[in-house]
Structures are given as structure tokens and as C-alpha cells.
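Trainee: In this note's numbering, the protein residues as written are 3 to 303. Glycine included, each C-beta is placed from N, C-alpha and C at the ideal position.
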């Protein structure tokens, strides 16, 4: 945090030092000018310059201009002996200070509104990105974002030759939960399950909702065999977990299909990278559910 705040503080200090220098210089010039001429052009210019160039909060700006005018008010007496001229220049000084303060407030308001507008735009962009790339129910990456991540992973595999596992998992008999307890319970269950998955993967892994009760786990730097070991451990954790939604306690199971992206790294279609894991998941469902199956490239599964 210090790296961000120290430069900001330094800028504030420099800004107020610059204000002090400009104000003081303007007052000194005006005071000595009174020996030759009676106008206060330098003071007016000084007030305007500070008002339109330096971005200062209105309250701080008011304090600065009041202090400046007080100095101006008393220092004029050093070189002006004519009472009428002294009064005239003091009144003109009030006008100059008022103009400077007014311009300062306008500048601050303009920049403040710009900042507010930029923040709104940033918030809207984040909201649009959230809608485009994240599942609204679980807040997990959706298929669109997953495809972008897989494309990036393909490039990494082709360059460095490492393995990346794809785990396709599907909750067993989830339709019965919706039919028995209703969709609100099912949706709450999916949110809890998404949090459960996120909490049990590595920081480098990506958990995405593929649709319905189907999820994808992308595991960089992981072979298919290692993916199977992880999937088996996750399967057992799911069996042991109890999900509570209101007064309803649910115990679920899941089926897993595991494949390695490197096995079909020359493919360009995104669907090809889901295909092997999806076929392995289908096999796990056929073989009784609640199990892990590894894709076999040579056998088509």
C-alpha cells in the first residue's frame, strides 16, 4: 500500500507548495506594483491560474483563497497610502478571489463528474463481463470462458509439451432432487456444490459449469492418471459430504470422465477436447454411476 500512497502524498504536497508559491508571488508583485501603477492584474491572474490549472477540493480551495485574500488585504497597506485607492483594490481583490474560487469549483465538479462517469462505465463493463463469461447461478466460469482458457492451454501445451487433464463430472440422479424438492432447492444445491468444488481444487485449476448439473475441471500440469487419482479422491469427498438446504439434507454422488488434452493436441475444434472426457463420463454412467473412468484414445474412449 505504501508504494501507492507515498507518490500520491508527494503530489499533494507539491501541488499545495505550487499554490503557495503562485499566491505569494502574485501578492508580492501586486504590492510592489502599487508603487508604479494602481492595478491588481497580477493578483487577478494568480487567482485565475490557481483556479483553472490546479485541481483542489472546494473546501480546501475556499480556505486557500480566504488566507490569500487576508494576506493581500493587509499587505496592500505597505505601498498604498491613498485610502480610496486602498478600498478600491481591496474590493477588486474580493472579486478576483471570487472568480478564482468559482473557477476552481467548476474544475473540481467537472473532474468529479468525469470520475463518477468512468467508475460507472467500469462497473458496467465488469457486469457485462460477468454476464458474458460467468454462470449467473454459481458464479463459476461458463462454457465461453472455459473455451478461452482451453485455447490458451492448447498454446501452452504445444509450446512446452506438458500435460493438462480435463475432468468432466456430472451429478447422479440430480433430476430427482428437482422433482422431489423443487427447483429452488436444486439451485441452492448447485451453488453449494460449486463452492465445494472450488474449495477442493488447486489454485491453478479452473472449475466451470458446463450446463445443468455438469461441470468441467481444467487441471494444467496434470496427466490423465493424476487426474483420475484426483477425481477418485473428489468422488469420495462428495459421497461423504452432506448438503443442507433449509430443512432438507441431501447426499449425492457424481460420475467422472477424465482425459488428457495432449492426446489430441493437434485438433483445433474445442468440442474435440471435451469429447474424450465426455465419452469417459458416459461410460461411467453406463457402468453404474458414482465412478471414475479414464478416456482411452486408441479405443475411441
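According to the Cβ coordinates, are residue 260 and residue 233 closer than 8 Å?
Mentor: Result yes, Cβ atoms of residue 260 and residue 233 sit closer than 8 Å.
Trainee: Evaluate residue 11 with the Cβ neighbour count: other Cβ atoms within 10 Å of its Cβ, from every protein chain shown; 16 or more gives buried, anything less gives exposed.
Mentor: By the neighbour-count rule (16 or more Cβ atoms within 10 Å), residue 11 is not buried but exposed.
Trainee: I need the straight-line Cα distance from residue 164 to residue 207, nearest angstrom please.
Mentor: For residue 164 and residue 207, the distance between alpha carbons rounds to 15 Å.
Trainee: Helix, strand or coil: which one does DSSP assign to residue 221?
Mentor: Strand at residue 221.
Trainee: Which of helix, strand or coil does DSSP assign to residue 293?
Mentor: If DSSP states are grouped into helix, strand and coil, residue 293 belongs with coil.
Trainee: Is residue 91 helix, strand or coil by DSSP?
Mentor: The answer is helix: DSSP assigns residue 91 an H, G or I state.
Trainee: Taking all protein chains shown into account, decide if residue 16 is buried (16 or more other Cβ within 10 angstroms of its Cβ) or exposed.
Mentor: Residue 16 comes out exposed.
Trainee: Can you tell me which of the three DSSP states residue 69 falls into?
Mentor: Correct three-state label for residue 69: helix.
Trainee: List the residues that DSSP assigns as beta-bridge partners of residue 171.
Mentor: For residue 171, which the question treats as bridged, DSSP gives the partners 217 and 258.
Trainee: Beta-carbon separation of residue 167 and residue 221 under 8 Å?
Mentor: In this structure, residue 221 lies closer than 8 Å to residue 167 by Cβ.
Trainee: Using the Cβ count rule (16 or more neighbours within 10 Å means buried), how would you classify residue 36?
Mentor: Residue 36 comes out buried.
Trainee: In terms of residue numbering, what span does the beta strand (DSSP E) encompassing residue 245 cover?
Mentor: Note, residue 245: beta strand (DSSP E), 245-247.
Trainee: Within 10 Å of its beta-carbon, does residue 175 have 16 or more other beta-carbons around it, so buried, or fewer, so exposed?
Mentor: Its Cβ having fewer than 16 others within 10 Å, residue 175 is exposed.
Trainee: Leaving out the 5 sequence neighbours to the left and right, which residues in its chain are closer than 8 Å to residue 143 when beta-carbon positions are compared?
Mentor: Once the five neighbours on either side are set aside, the close Cβ partners of residue 143 are 135, 136, 137, 151, 208, 209, 210 and 211.
Trainee: Using the rule of at least 16 other Cβ atoms within 10 Å of the residue's Cβ for burial, across every protein chain shown, is residue 294 buried or exposed?
Mentor: It counts as buried.
Trainee: Between which two residues does the beta strand (DSSP E) carrying residue 251 extend?
Mentor: That run of the beta strand (DSSP E) goes 250-252.
Trainee: Is the beta carbon of residue 125 sitting closer than 8 Å to the one on residue 42?
Mentor: No, Cβ-Cβ distance for residue 125 and residue 42 is not below 8 Å.
Trainee: Only counting the same chain, and skipping five residues up and downstream in sequence, which positions put a Cβ closer than 7 Å to that of residue 180?
Mentor: Correct list, in chain order: 188.
Trainee: Specify whether the stretch 67-80 and the stretch 112-126 touch according to this definition: at least 3 beta carbon pairs, one from each stretch, less than 8 Å apart.
Mentor: Contact between the stretch 67-80 and the stretch 112-126 is absent, because fewer than three Cβ pairs lie under 8 Å.
Trainee: If you draw a straight line from the alpha carbon of residue 107 to that of residue 59, how long is it in whole angstroms?
Mentor: Going by the C-alpha atoms only, they are around 8 Å apart.
Trainee: So, residue 245 versus residue 171, is the Cβ gap smaller than 8 Å?
Mentor: Result no, Cβ atoms of residue 245 and residue 171 do not sit closer than 8 Å.
Trainee: Mapping DSSP to helix, strand and coil, what is residue 161?
Mentor: In the structure shown, residue 161 sits in a helix (DSSP, three-state: H, G or I).
Trainee: Could you tell me which residues DSSP pairs with residue 121 in its beta bridges?
Mentor: Beta-bridge pairing links residue 121 to no other residue.
Trainee: Whole angstroms is fine: what's the gap from residue 2's alpha carbon to residue 40's?
Mentor: The structure shown does not extend to residue 2, since the chain is modelled only from 3 to 303, so the question has no answer here.
Trainee: If I follow the unbroken alpha helix (DSSP H) through residue 178, where does it start and stop?
Mentor: 176-183 is the extent of the alpha helix (DSSP H) around residue 178.
Trainee: I'd like the list of long-range same chain contacts for residue 139, defined as Cβ closer than 7 Å, with 5 residues on each side in sequence excluded.
Mentor: Excluding positions up to five away in sequence, the list reads 189, 192 and 193.
Trainee: Mind checking which residues open and close the alpha helix (DSSP H) that includes residue 230?
Mentor: Per DSSP, residue 230 belongs to the alpha helix (DSSP H) from 226-242.
Trainee: Less than 8 Å between the CB atoms is what I'm expecting for residue 67 and residue 95, so what's the real figure, rounded?
Mentor: At roughly 10 Å, the Cβ-Cβ gap does not stay under 8 Å, so residue 67 and residue 95 are not in contact.
Trainee: With a threshold of 8 Å between beta carbons, is residue 56 in contact with chain C?
Mentor: Of the chains in the structure shown, none is chain C; there is only one protein chain.
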